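Visitor: Can you keep this structure in mind? I'll have questions shortly.
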Amino acid sequence: MTGTLFEPLNIGHCQLQHRVVMAPMTRFRTDSDHSPLPIAKEYYTQRSHTPGTLIISEGTAVSEALAGLPRWAGCWSETQLQKWKDITQDVHSHGCYIFLQLCCAGRTADKGFPKLSSGSIPLAANASAISTEDDNRNPKPMSEEEITGAIRDHATAARNAIAAGFDGVELHGANGYLIDQFIQESCNNRTDKWGGSVEKRSRFALEVTAAVVDAVGGDRVGFRISPWSTYHSIEPRNPEAQFTHLVTELRKLNLAYHHIPRGQLV
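Structure, rendered in structure tokens:
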């Protein structure tokens with residue numbers, strides 16, 4: 370296994386020199402406008418000193434409306450993109466690659482941010498990673514217009530990421546965030562085309578991914594799922610059927626990679 374671990378691997382258009390990838394870890398090292406601070410640049414630069422390494426960035430909001438948390442990194446404004454460009458240039462100068470993880474809070478949104486989700490089922494008490502006094506307020510089921518807008522925002526954010534120098538993007542469809550809220554039966558109580566069956570619960574994830582692939586190409590897109598995770602009040606129900614269908618459909622889009630964390634770790 371050790372020998373394989375340090376063998377080269379191509380992921381999309383990236384030629385990795387080994388198979389140790391830095392997973393996304395959100396650090397909240399941004400200013401009040403969701404722009405990365407100098408300490409964020411230092412953080413990524415420190416982790417890019419072995420050429421041929423792939424780094425997946427912290428979770429980054431696709432739009433102001435879907436941010437959900439204070440000091441969560443964003444990629445919708447020119448200021449944010451310039452800060453990210455400084456980071457990607459440093460990472461590339463050391464011969465490494467970096468993907469930007471795109472993530473939306475949905476019902477995990479903090480106080481003062483809209484709670485837009487797949488349905489109206491709230492988080493369980495104290496389930497949020499960052500507890501606030503009103504974590505349990507009911508989320509607002511997204512309208513058709515809001516869903517269409519979120520899909521469009523993901524595609525725009527992906528284009529922004531490539532313009533800022535990222536080698537690709539990872540779609541965060543795991544751990545109880547917005548895309549996962551549509552996938553998971555335990556928090557998607559819709560009865561329209563976005564919920565009610567395995568196929569319909571997969572629809573948002575698939576349409577977001579298709580839009581992003583159309584925007585930047587499948588070889589620049591990864592997708593993260595967590596079939597067994599209970600993070601953020603997720604209660605997996607029949608994950609084999611749900612995620613077999615989802616992954617089968619995702620494979621048709623020829624993505625760069627699929628990212629699946631072990632369930633007991635999150």
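Here the working numbering runs 369 ahead of the position in the sequence shown, where the first position is 1.
Positions of the beta carbon are idealized from the N, C-alpha and C atoms, including for glycine.
Remember, predicted model here, so these are calculated numbers, not experimental data.
Assign N507 to buried or exposed, taking buried as 16 or more other Cβ atoms, counted over all protein chains shown, within 10 Å of its Cβ.
Guide: Position 138 of the sequence shown holds residue 507. Under this definition N507 is an exposed residue.
Visitor: When we look at the beta-carbon of Q415 and count the other beta-carbons within 10 Å, is it buried (16 or more) or exposed?
Guide: Residue mapping note: residue 415 aligns to position 46 of the sequence shown, counting from 1. By the 10 Å Cβ count, Q415 comes out exposed.
Visitor: Which value, in whole angstroms, describes the spacing of the CA atoms of L619 and L575?
Guide: Locating residue 619 in the sequence shown gives position 250, counting from the first residue. Locating residue 575 in the sequence shown gives position 206, counting from the first residue. Spanning the two alpha carbons is a distance of roughly 7 Å.
Visitor: Whole-angstrom Cβ separation of L471 and A543, contact assumed at under 8 Å?
Guide: Counting from 1 along the sequence shown, the entry for residue 471 is found at position 102. Counting from 1 along the sequence shown, the entry for residue 543 is found at position 174. The pair is not a contact, with the Cβ atoms about 12 Å apart (cut-off 8 Å).
Visitor: Between P405 and A442, which are expected to be in contact by the criterion C-beta below 8 Å, what is the C-beta distance as a whole number of angstroms?
Guide: By 1-based counting over the sequence shown, the position of residue 405 is 36. By 1-based counting over the sequence shown, the position of residue 442 is 73. With 8 Å as the limit, P405 and A442 qualify as a contact, their Cβ atoms being about 6 Å apart.
Visitor: Measure from the alpha carbon of A430 to the alpha carbon of each residue in Q384, G475, N623, then state which is nearest.
Guide: The residue labelled residue 430 in the question sits at position 61 within the sequence shown. Comparing Cα positions, the closest option is G475.
Visitor: Could you pull out every unbroken beta strand (DSSP E) segment of at least 3 residues lying fully inside the stretch 524 to 573, listed in chain order?
Guide: Those beta strand (DSSP E) runs which fall completely within the stretch 524 to 573 and span 3+ residues are 537 to 542.
Visitor: Could you tell me whether the stretch 452 to 470 touches the stretch 556 to 573, using the rule of 3 or more Cβ pairs below 8 Å?
Guide: No contact exists between the stretch 452 to 470 and the stretch 556 to 573.
Visitor: Thinking C-beta only, is P420 closer than 9 Å to G464?
Guide: Stepping through the sequence shown from its first residue, residue 464 is reached at position 95. Stepping through the sequence shown from its first residue, residue 420 is reached at position 51. Yes; because the gap between Cβ atoms is below 9 Å, this pair is in contact.
Visitor: With a Cβ-Cβ cutoff of 9 Å, do R362 and S446 count as a contact?
Guide: This structure cannot settle anything about residue 362, because the visible part of the chain is limited to 370 through 635.
Visitor: Have a look at A478 and F551 and give me their C-alpha separation to the nearest angstrom.
Guide: As a first step, residue 478 must be located in the sequence shown, where it is residue number 109. As a first step, residue 551 must be located in the sequence shown, where it is residue number 182. Straight-line Cα distance between these residues: approximately 15 Å.
Visitor: Any idea which residues DSSP pairs K509 with across the strands?
Guide: Taking the first residue of the sequence shown as 1, we reach residue 509 at position 140. According to DSSP, which records beta bridges pairwise, K509 is partnered with L485.
Visitor: Note down, one range per segment and in chain order, each alpha helix (DSSP H) of at least 4 residues found wholly within the stretch 574 to 621.
Guide: With a minimum length of 4 residues, the continuous alpha helix (DSSP H) runs that stay inside the stretch 574 to 621 are 608 to 620.
Visitor: Does any residue of chain B have a CB that is nearer than 9 Å to the CB of I425?
Guide: This model lacks chain B altogether; it includes just one protein chain.
Visitor: Taking 9 Å as the cut-off, decide whether the C-beta atoms of L374 and L423 are in contact.
Guide: As a first step, residue 374 must be located in the sequence shown, where it is residue number 5. As a first step, residue 423 must be located in the sequence shown, where it is residue number 54. Not closer than 9 Å, so no.
Visitor: By the 10 Å Cβ neighbour count, where 16 or more other Cβ atoms means buried, how is Q451 classified, buried or exposed?
Guide: Within the sequence shown, numbered from 1, the residue matching residue 451 stands at position 82. Exposed is the call here.
Visitor: Relative to the alpha-carbon of F612, which residue among S602, N623, H627 has its alpha-carbon at the smallest distance?
Guide: Residue 612 sits at position 243 when you count from the first residue of the sequence shown. F612 has its Cα closest to that of H627, out of S602, N623, H627.
Visitor: Quick one: residues in its chain with C-beta nearer than 6 Å to the C-beta of M511, no 5 flanking neighbours on either side, listed in chain order?
Guide: As a position in the sequence shown, residue 511 is number 142, starting the count at 1. Cβ neighbours of M511 beyond the five flanking positions: L485.
Visitor: Compute the distance between the beta-carbons of Y600 and G534, then report whether it is under 9 Å.
Guide: Start at 1 with the first residue of the sequence shown, and residue 600 comes out as number 231. Start at 1 with the first residue of the sequence shown, and residue 534 comes out as number 165. No, they are not a contact pair.
Visitor: On the criterion of 16 or more Cβ atoms from any shown chain inside 10 Å, does E539 qualify as buried, or is it exposed?
Guide: Taking the first residue of the sequence shown as 1, we reach residue 539 at position 170. E539 is buried by the Cβ-count criterion.
Visitor: Between A584 and R521, what straight-line distance do the alpha-carbon atoms span, to the nearest angstrom?
Guide: The residue you call residue 584 lines up with position 215 of the sequence shown. The residue you call residue 521 lines up with position 152 of the sequence shown. Between A584 and R521, the C-alpha separation is close to 10 Å.
Visitor: H628 lies in the beta strand (DSSP E); which residues open and close that run?
Guide: Residue numbering aside, residue 628 sits at position 259 when the sequence shown is read from its first letter. Where H628 is concerned, the enclosing beta strand (DSSP E) stretches over 626 to 628.
Visitor: Taking all protein chains shown into account, decide if D400 is buried (16 or more other Cβ within 10 angstroms of its Cβ) or exposed.
Guide: Counting from 1 along the sequence shown, the entry for residue 400 is found at position 31. Exposed, because fewer than 16 other Cβ atoms sit within 10 Å of the Cβ of D400.
Visitor: In three-state DSSP terms, what is S426?
Guide: As a working note, residue 426 is residue 57 in the sequence shown. Looking at S426 - three-state DSSP - the assignment turns out to be strand.
Visitor: Are the CB atoms of V590 and L615 nearer to each other than 9 Å?
Guide: By 1-based counting over the sequence shown, the position of residue 590 is 221. By 1-based counting over the sequence shown, the position of residue 615 is 246. Contact: no.
Visitor: My understanding is that A524 touches V581, with C-beta atoms under 8 Å, so please give their C-beta distance in whole angstroms.
Guide: Here residue 524 refers to the residue found at position 155 when the sequence shown is read from its first residue. Here residue 581 refers to the residue found at position 212 when the sequence shown is read from its first residue. With a Cβ gap of about 5 Å, A524 and V581 count as contacting.
Visitor: DSSP on G475, reduced to helix/strand/coil?
Guide: In the sequence shown, residue 475 corresponds to position 106, counting from 1. G475: helix per DSSP, three-state reduction.
Visitor: Does the Cβ of K621 have 16 or more other Cβ atoms within 10 Å, making it buried, or fewer, making it exposed?
Guide: For the purposes of this step, residue 621 is taken as residue 252 along the sequence shown, with counting starting at 1. K621 comes out exposed.
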